[in-house]
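What follows is a single structure, written as structure tokens, with notes after it.
Residue numbers (my numbering): 749 to 865.
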């Protein structure tokens, strides 16, 4: 049983490394989206997505921001159900997301939570 659990967890980690993690923002507004799309802190993520020939906010991603290259095929294969409240990026990059959000006033700044749905 422990071996099975370890195998399942390692597969989940491999998927997370491949597609990143869906992070859920507790608020969503045009100002939040504009801040994330223009943030210098997130420039390396935006360049990574562009270099891979992917989009930051593709039509098929439910309004989510993808700060990691994700293809439509991979999105469908993984059965992701994202909304405009989601940001996809590796766990190792979430600090950049939180730093970018610091540009917003505290009352307008969303919290960032890992979305396990």
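For glycine and all other residues, C-beta sits at the position ideal for the given N, C-alpha and C.
- A residue is called buried once 16 or more other Cβ atoms fall within 10 Å of its Cβ, and residue 816 is buried on that count.
- With a 10 Å radius around the Cβ and a threshold of 16 neighbouring Cβ atoms, residue 808 comes out exposed.
- Annotation: the continuous alpha helix (DSSP H) that includes residue 796 extends over 791 to 799.
- Within the DSSP bridge table, the entry for residue 771 names 835, 862 as partners.
- Residue pairing for residue 814: DSSP places it in a beta bridge opposite 836.
- Apart from the 5 residues on each side of it in sequence, residue 850 sits with its Cβ closer than 8 Å to the Cβ of 857 in its chain, given in chain order.
- In this structure the stretch 772 to 785 does not lie against the stretch 836 to 843, because fewer than three pairs of beta carbons, one per stretch, are closer than 8 Å.
- Here DSSP, grouped into helix, strand and coil, assigns residue 778 to helix.
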